[in-house]
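Undergrad: This is the structure I want to talk about, given as structure tokens.
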Amino acid sequence: MLLLWAALAGCFGDAVEPVRDLVVQLESPNGRDAAAVIELVGPGLSDVVATNGQVFTHVSGDTTRVVILLDEPGPIEFTVRMAGLTFPGTAVVQVADDRDELRSLRGYRARLGSVGSRPR
Numbered sequence: 039m040l041l042l043w044a045a046l047a048g049c050f051g052d053a054v055e056p057v058r059d060l061v062v063q064l065e066s067p068n069g070r071d072a073a074a075v076i077e078l079v080g081p082g083l084s085d086v087v088a089t090n091g092q093v094f095t096h097v098s099g100d101t102t103r104v105v106i107l108l109d110e111p112g113p114i115e116f117t118v119r120m121a122g123l124t125f126p127g128t129a130v131v132q133v134a135d136d137r138d139e140l141r142s143l144r145g146y147r148a149r150l151g152s153v154g155s156r157p158r
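Following our numbering, the residues of the sequence shown are numbered contiguously, the last one being 158.
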């Protein structure tokens, strides 16, 4: 019986956390943004890919700072790979228009969702 328990415990010790792709969309009251800095907080974040424009990232511990620069103003969106079942915390840090002027952050938020589903 003890051998059976040891075998079962060994099976659960090698469990693999699920990995999934999340989409992050900047919800904007202006709609014509050209750049944004968004912070994601949570373990297991990797592989940030911009839908349009260029993406730059900086990771410090469980915090990933994402900078998106668009060639032409428009919707800001990117995907990020995440291990685990929880959603990371998000914060919009800065947003700029097509003249590189910083915007007020009132009304902005980063919406999260699984790729192929509607962001929340």
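C-beta atoms are modelled at their ideal positions from N, C-alpha and C, and glycine is treated no differently.
What's the C-alpha gap between Ser142 and Val54?
TA: Roughly 42 Å between the two C-alpha positions.
Undergrad: With DSSP run on the structure shown, which of helix, strand or coil describes Asp59?
TA: Reduced to three states, the DSSP call for Asp59 is strand.
Undergrad: Would you decide whether Val153 is buried or exposed? Buried here means 16 or more other CB atoms lie within 10 Å of its CB.
TA: Its Cβ having fewer than 16 others within 10 Å, Val153 is exposed.
Undergrad: Since Leu107 and Gly127 are thought to touch, with beta carbons under 8 Å apart, how far apart are those beta carbons, to the nearest angstrom?
TA: Not confirmed; about 23 Å, so no contact.
Undergrad: Can you give the Cα-Cα distance for His96 and Arg103, rounded to whole angstroms?
TA: Using only the alpha carbons, I get a separation of about 5 Å.
Undergrad: Determine the DSSP secondary structure at Ile114, reduced to helix, strand or coil.
TA: Coil at Ile114, not helix or strand.
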